[in-house]
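Here the sequence shown is numbered in the UniProt record's numbering, starting from 1 and rising by one per residue.
Cβ coordinates follow ideal geometry from the N, Cα and C atoms, glycine included.
The structure displayed is predicted, hence computed values, not measured ones.
These notes are about the structure you will find just below.
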Amino acid sequence: MDLSAGKAGVRSRSPRPCGTAAAGARGYSPFVTTTDDIRRWATALPEVEEVSHFRFKVPVFKVRGRTFLGMGRDETTAVFCVAEQQAADAAQADPSAYESVRRPDARKSFLGLQVELGRVPAERVRNLVEEAWRQQAPKRLAAEYDRHKPV
């Protein structure tokens with residue numbers, strides 16, 4: 001007797017793992033953002049280059065030499081260079097998804113907003129990519145992008 005079969009000999013479907021969605025453009029939860037998603041969004045912006053972090057060997061994205069986004073070591077997090085107050089507000093609103101981070105050295109200067117990619121909708125992550133790019137891009141470059149931005 002085949003115990004994996006359901007009624008009338010039809011194989012039953014396995015339940016989805018907790019927290020996964022039944023539908024979606026790519027068949028998974030809108031909360032799943034991958035490094036490839038971030039790479040695609042970041043490199044679609046003007047004058048972006050991807051480099052490897054000198055120590056951690058993870059993707060880092062720059063606009064005209066200024067870092068605006070870096071992936072975490074395990075690539076389940078990312079740090080976005082946004083305004084310090086914006087990072088503090090996000091971290092206060094949802095500490096399980098966001099953290100305002102500072103440099104680990106003696107300076108302890110503000111670094112950015114660390115995001116747990118599995119806890120934040122992909123569309124929000126996509127918006128953060130652009131916000132971080134704007135924070136670091138020269139103002140003229142951002143203005144030119146706005147004039148020619150695809151709708």
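Residue i in three-state terms, based on DSSP
i, result
"residue 134", "helix"
"residue 49", "strand"
"residue 157", "Lying outside 1 to 151, the shown extent of the chain, residue 157 is not represented and no answer is given."
"residue 139", "helix"
Of the residues the options, the one placed nearest residue i, counting alpha carbons only
i, options, result
"residue 131", "120, 86 and 121", "86"
"residue 125", "59, 97 and 64", "97"
"residue 36", "47, 145, 58 and 46", "58"
"residue 65", "52, 73 and 117", "52"
"residue 34", "55, 149, 76 and 42", "76"
"residue 32", "120, 134, 45 and 149", "120"
"residue 110", "50, 84, 68 and 138", "84"
"residue 82", "72, 118, 114 and 38", "114"
"residue 99", "89, 105, 70 and 145", "89"
"residue 40", "118, 147 and 69", "69"
Cβ-based burial, residue i [other Cβ within 10 Å; buried from 16]
i, result
"residue 80", "buried"
"residue 44", "exposed"
"residue 112", "buried"
"residue 3", "Any answer about residue 3 is weak, because its pLDDT of 38 lies below 50 and its placement is not dependable; what the coordinates show is given next. Looking at its Cβ environment, which holds fewer than 16 other Cβ atoms inside 10 Å, residue 3 is exposed."
"residue 136", "buried"
"residue 61", "buried"
"residue 93", "exposed"
Rounded Cβ spacing between residue i and residue j (contact assumed at less than 8 Å)
i, j, result
"residue 141", "residue 47", "6 Å"
Next on the checklist: So within the region 36 to 115, which uninterrupted alpha helix (DSSP H) runs reach at least 4 residues, ignoring any that extend past its ends?
Outcome noted: Segments of the alpha helix (DSSP H) lying fully in the region 36 to 115: 84 to 93.
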